[in-house]
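Chains as they are written, first to last, in this note's numbering: chain A, 1 to 355; chain B, 356 to 710.
I have placed the structure first, in the form of structure tokens, so that the comments after it can refer back to it.
2 protein chains.
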Amino acid sequence: MNALIIPVILCGGSGTRLWPASREKNPKQFLKLAGPDSLLQETIKRALKITGGAAEKLVIVTHESQEDLVKEQLAEINIQNPEHILCEPHARNTAAAIALATKYVADHFGDDTYLWVLPSDHFVGNEEELEKACSLAVEAASKGHLVTFGIKPTRPETGYGYILQGPALTNPMVHKVDKFVEKPDLKTAQSYLELGTYLWNSGMFLFMAESALSQFKEHSPAILSQVVDSMRGSEQGQILPDLYKAIQAEPFDKAVMEKSSEVAVVPCDPEWSDIGSWQSLWELLPKDENGNVIEGQAVCADVQNSLIKTKGRLIAVAGLENIVVIDTGDALLIADKNNGAAIKEVVTNLKKQDR
Amino acid sequence: MNALIIPVILCGGSGTRLWPASREKNPKQFLKLAGPDSLLQETIKRALKITGGAAEKLVIVTHESQEDLVKEQLAEINIQNPEHILCEPHARNTAAAIALATKYVADHFGDDTYLWVLPSDHFVGNEEELEKACSLAVEAASKGHLVTFGIKPTRPETGYGYILQGPALTNPMVHKVDKFVEKPDLKTAQSYLELGTYLWNSGMFLFMAESALSQFKEHSPAILSQVVDSMRGSEQGQILPDLYKAIQAEPFDKAVMEKSSEVAVVPCDPEWSDIGSWQSLWELLPKDENGNVIEGQAVCADVQNSLIKTKGRLIAVAGLENIVVIDTGDALLIADKNNGAAIKEVVTNLKKQDR
């Protein structure tokens with residue numbers, strides 16, 4: 001690609017959906033879940049490869065408490081002294097983070113620069129497919145569109161928001177967006193899957209800086225102006241904490257995309273996963289002849305379709321299937337891999353007990 | 356009871372059926388599985404209570420490598436400086452151990468003393484019932500019988516040997532033994548359960564010293580004479596290792612009971628268990644409203660009929676039933692509680708790998 005595309009990595013998450021591997025102080029994007037690199041490292045490598053960009057033009061938005069961890073992980077993939085790490089003093093959801101990155105990119109690289117906004121904690125199995133989608137998105141963005149990437153659903157997922165694609169634009173592979181819809185119930189999700197025109201909202205976006213700034217001004221002017229005010233702290237991207245804290249915490253989808261008439265969607269199937277559960281991690285990892293994914297020392301007898309991760313200690317597992325065992329040394333989860341509700345409940349109970 | 360009854364505790368076991376709680380160096384009888392006392396301690400307290408005997412008349416047969424552990428556990432229940440710990444230099448199964456104890460008791464307390472031989476790693480829920488059976492056994496033993504305790508079966512167990520009871524002797528609660536039978540298959544075990552005349556062979560025995568010595572002489576003279584020879588080492592019960600090592604390792608049932616015409620059985624139901632599996636431990640422990648037995652720090656969601664034991668570390672369990680989780684700090688077992696075959700397989704595999 002010839003246009004200047006800046007990958008903007010959103011690295012502010014602090015979820016515990018993969019507890020006990022992910023913790024508030026070591027969230028999912030920093031974990032080496034699906035290979036030797038962390039999800040953050042894989043995201044960066046993939047983005048630089050697809051955009052053909054140099055690491056000097058990478059922008060990362062993170063919380064200031066995670067700056068050191070980000071730098072460590074960048075160093076591990078040979079990115080030393082990164083120039084453009086934007087540290088939020090408070091987490092204010094994606095609208096503020098994207099406004100911040102957009103204004104920063106416009107100031108440093110010019111209004112006509114493209115931003116490819118990427119969550120740092122997702123998995124992509126098919127890079128070529130994502131590269132094709134990115135090309136289509138740049139083409140649409142060059143005409144002023146804010147482009148979102150719609151993943152073709154493979155199951156009636158109730159954990160994601162959906163995008164209803166509208167008619168094709170000039171390029172038949174790029175569509176208008178009819179509407180964004182909230183997480184559906186199972187029946188509705190099944191109908192979406194059958195219809196084939198509903199796509200998962202992946203949280204990836206591509207647009208030109210000036211297009212996004214103009215849409216922010218039109219639909220969420222307060223967020224943009226507060227972000228701009230907070231950036232007066234320093235040339236080095238330091239942000240004034242009190243001003244930033246006052247910004248309304250809103251997702252970019254709600255603040256801009258759902259309100260804008262300039263939105264487009266590129267349907268694609270890059271074998272994407274948000275790895276929102278142990279079940280989804282198990283699905284994308286290579287399995288042995290019993291359908292098991294085993295990391296660390298584990299001896300099994302009559303165990304099938306299970307995910308077992310342990311550090312150091314010996315684990316013996318017998319007579320079970322569809323089980324997840326995650327042993328981090330200080331904590332241990334043992335669960336029915338397919339019972340997401342029970343896993344969520346136990347982690348919620350743990351949080352209540354402040355552990 | 357007025358007769359002098361010496362409890363003889365067989366404490367030589369080194370099994371790993373409750374791995375990872377039991378290890379070769381810390382076998383089941385030393386574990387505090389079903390309360391604040393170990394199975395050994397409970398066995399001793401129960402035996403002294405029922406026989407009304409003093410701790411000075413307690414005899415324990417153990418392997419010399421376990422002598423210190425035995426003394427520690429005796430001290431914990433306020434038995435200091437036990438006089439009659441017989442240390443085997445080599446494990447030679449129960450015929451040799453019982454011959455040793457019998458000769459020792461005859462020498463120290465007289466030929467007409469009763470021995471109540473008790474495995475150290477079994478559970479008894481109903482002491483009164485055992486006490487009644489013991490009285491009946493003493494009465495029969497006073498007439499020269501070697502008495503065994505036959506447990507009324509409550510399930511078609513394939514893991515135990517059985518005793519077919521014959522006609523009643525003078526006391527209608529005491530029977531001749533028609534035959535001893537090996538561990539049956541499930542179909543045979545089911546027919547035994549229906550017939551009601553087959554009893555589990557509990558491994559408890561009661562007899563007068565002179566009766567047992569006489570039956571040893573008749574049916575297994577070599578074992579007895581070798582045991583007697585090996586005891587010439589010392590007044591303090593030290594045994595000559597080379598002589599003892601040469602003794603044939605045979606169960607007392609096979610060496611004497613199955614061959615003797617002087618055998619009797621007292622059928623009884625003292626809520627006995629050999630705790631041969633995690634399933635059987637779970638059965639006899641008190642459960643919470645979800646049917647769970649939880650020891651240590653565990654947070655559960657949607658967990659039923661499970662046994663969870665942990666030391667120190669936090670365990671979270673979600674969406675599972677009939678599971679056993681045993682975390683000893685250095686090892687961890689996670690298994691289907693009811694799948695004994697798989698548990699056995701995984702422990703066998705561990706042993707093969709020399710862990």
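Every residue, glycine too, gets a C-beta built ideally from N, C-alpha and C.
TODO: Take residue 281 of chain A as the anchor and find which of A:349, A:104 and A:271 has the nearest alpha-carbon.
DONE: Comparing Cα positions, the closest option is A:271.
- [ ] Could you tell me whether the Cβ atoms of residue 656 of chain B and residue 345 of chain A are closer together than 8 Å?
- [x] It is a contact, given that the beta carbons lie within the stated cut-off.
Task: Residue range of the unbroken alpha helix (DSSP H) whose run includes residue 460 of chain B - done: Here the alpha helix (DSSP H) through residue 460 of chain B covers 448-464.
Task: 7 Å Cβ shell around residue 488 of chain B - same chain, five flanking residues per side excluded - done: The answer, listed in chain order, is 504, 621, 623 and 625.
Task: Where residue 381 of chain B meets chain A, residues with beta-carbon distance less than 7 Å - done: For residue 381 of chain B, no chain A residue has a C-beta closer than 7 Å to its own C-beta; the minimum C-beta separation is roughly 16 Å.
TODO: Verify whether the separation of the beta carbon atoms of residue 115 of chain A and residue 8 of chain A is less than 8 Å.
DONE: The Cβ atoms of residue 115 of chain A and residue 8 of chain A sit closer than 8 Å to each other.
Open item on the list: Taking the straight line between their C-alpha atoms, what separation do you get for residue 91 of chain A and residue 293 of chain A?
Closed with: Computed Cα separation, rounded: 35 Å.
- [ ] Check whether the Cβ of residue 694 of chain B lies closer than 8 Å to any Cβ atom in chain A.
- [x] True, the Cβ-Cβ gap to chain A drops below 8 Å.
Open item on the list: Within 10 Å of its beta-carbon, does residue 675 of chain B have 16 or more other beta-carbons around it, so buried, or fewer, so exposed?
Closed with: Looking at its Cβ environment, which holds 16 or more other Cβ atoms inside 10 Å, residue 675 of chain B is buried.
Open item on the list: Against residue 77 of chain A, what residues of chain B qualify as contacts under a CB-to-CB distance less than 8 Å, listed in chain order?
Closed with: Under the 8 Å cutoff, chain B gives no residues; its nearest Cβ is about 33 Å from residue 77 of chain A.
- [ ] Compare the C-beta of residue 356 of chain B against all C-beta atoms of chain A and say whether one is closer than 8 Å.
- [x] Only weak support exists for where residue 356 of chain B lies, its pLDDT of 49 falling under 50; the value from the coordinates is given anyway. Residue-level contact by beta carbon fails for residue 356 of chain B and chain A, as no gap is shorter than 8 Å.
Task: Contact set between residue 345 of chain A and chain B, taken where Cβ atoms lie within less than 8 Å - done: Here the neighbours are 656, 657 and 673.
Task: Interface partners of residue 688 of chain B on chain A, CB under 9 Å - done: Proximity of chain A to residue 688 of chain B at the Cβ level (cut-off 9 Å) is accounted for by 315, 316, 317 and 318, in chain order.
Open item on the list: When you compare the CB positions of residue 375 of chain B and residue 665 of chain B, do they come within less than 8 Å of one another, or not?
Closed with: Going by C-beta atoms, residue 375 of chain B is not nearer than 8 Å to residue 665 of chain B.
Task: Span of the alpha helix (DSSP H), counted from its first residue to its last, around residue 340 of chain A - done: That run of the alpha helix (DSSP H) goes 340-352.
TODO: Leaving out five residues on either side along the sequence, give the residues of the same chain with a beta carbon under 6 Å from the beta carbon of residue 618 of chain B.
DONE: If we look at residue 618 of chain B and ignore the five residues flanking it on each side, its Cβ neighbours are 501, 532 and 612.
- [ ] Keeping to the same chain, check which residues put their C-beta closer than 6 Å to that of residue 642 of chain B; ignore five residues upstream and five downstream.
- [x] So the list reads 648, once near-sequence residues are dropped.
Open item on the list: Any beta carbon from chain B within less than 8 Å of residue 325 of chain A's own beta carbon?
Closed with: Output row for residue 325 of chain A: interface = yes.
- [ ] Would you please verify whether the beta carbon of residue 704 of chain B is less than 8 Å from any beta carbon of chain A?
- [x] For residue 704 of chain B, the answer is yes, since a Cβ of chain A falls inside 8 Å of its Cβ.
Open item on the list: If contacts are defined as beta-carbon pairs under 8 Å, then residue 432 of chain B and residue 392 of chain B qualify, I think. What distance do you get, rounded to the angstrom?
Closed with: Going by Cβ atoms, the distance from residue 432 of chain B to residue 392 of chain B rounds to 7 Å, so yes, they are a contact pair.
Task: Any C-beta of chain A under 8 Å from that of residue 691 of chain B - done: Cβ-Cβ to chain A under 8 Å: yes for residue 691 of chain B.
Open item on the list: Less than 8 Å between the C-beta atoms of residue 428 of chain B and residue 386 of chain B, yes or no?
Closed with: No, the Cβ-Cβ distance between residue 428 of chain B and residue 386 of chain B is not below 8 Å.
- [ ] Using a Cβ-Cβ cut-off of 8 Å, state whether residue 342 of chain A counts as contacting chain B.
- [x] Any Cβ of chain B closer than 8 Å to the Cβ of residue 342 of chain A would place that residue at the interface, and such an atom is present.
- [ ] Please confirm if residue 330 of chain A has its CB atom under 8 Å from at least one CB of chain B.
- [x] Residue contact with chain B for residue 330 of chain A: present (Cβ-Cβ distance below 8 Å to some residue of chain B).
Open item on the list: Rounded to whole angstroms, what is the Cα-Cα separation between residue 791 of chain B and residue 570 of chain B?
Closed with: Nothing can be reported for residue 791 of chain B: it is not among the residues displayed for chain B, which extend from 356 to 710.
Task: Reference residue 201 of chain A; option with closest CA among A:183, A:213, A:187 and A:218 - done: Checking every option, the nearest Cα to that of residue 201 of chain A belongs to A:183.
TODO: Taking residue 660 of chain B as the reference, give the member of B:525, B:672 and B:567 with the closest Cα.
DONE: Proximity to residue 660 of chain B across B:525, B:672 and B:567 peaks at B:672, based on C-alpha coordinates.
Task: Bridge partner(s) assigned by DSSP for residue 547 of chain B - done: According to DSSP, residue 547 of chain B bridges with nothing at all.
- [ ] In angstroms with no decimal places, state the Cα-to-Cα distance between residue 356 of chain B and residue 410 of chain B.
- [x] In this prediction, residue 356 of chain B scores a pLDDT of 49, lower than 50, which makes its location untrustworthy; the coordinate-derived value is nonetheless stated afterwards. Each residue's Cα considered, the two are about 16 Å apart.
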